[in-house]
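Working notes, structure below.
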Amino acid sequence: MNEANIEYRVRGLIKTLLQLNRHRKQSVAASQLISAKNFEERADRMLHLSYVNLAAP
1409 MNEANIEYRV
1419 RGLIKTLLQL
1429 NRHRKQSVAA
1439 SQLISAKNFE
1449 ERADRMLHLS
1459 YVNLAAP
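Position in the sequence shown (first residue = 1) + 1408 = this note's numbering.
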């Protein structure tokens, strides 16, 4: 295997690793957004229940 072939393969591996890292970061960001949205929805429900309980005789 010559030097150019080795360099080509190494560059391909590096590119693949960078793509995987980018996808991992995107996945983490998406998970954080989903978690924040779920937290917001739970907080809204709790606030609603608090108002309902306060309004109850």
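Backbone N, C-alpha and C fix where the C-beta goes; we use that ideal spot for every residue, glycine too.
How long is the line joining the alpha carbons of residue i and residue j, rounded to whole angstroms?
i: glutamate 1449; j: tyrosine 1459; result: 15 Å
i: asparagine 1410; j: arginine 1419; result: 14 Å
i: asparagine 1446; j: leucine 1455; result: 14 Å
i: asparagine 1461; j: glutamine 1440; result: 31 Å
i: tyrosine 1416; j: lysine 1433; result: 26 Å
Using a Cβ-based criterion (distance less than 7 Å to any ligand heavy atom), does residue i qualify as near the ligand SAM?
i: histidine 1456; result: In the structure on display, the ligand SAM does not appear, and there are no ligands present to speak of.
Secondary structure, beta strand (DSSP E): runs of 3+ residues fully inside the region 1423-1461
none
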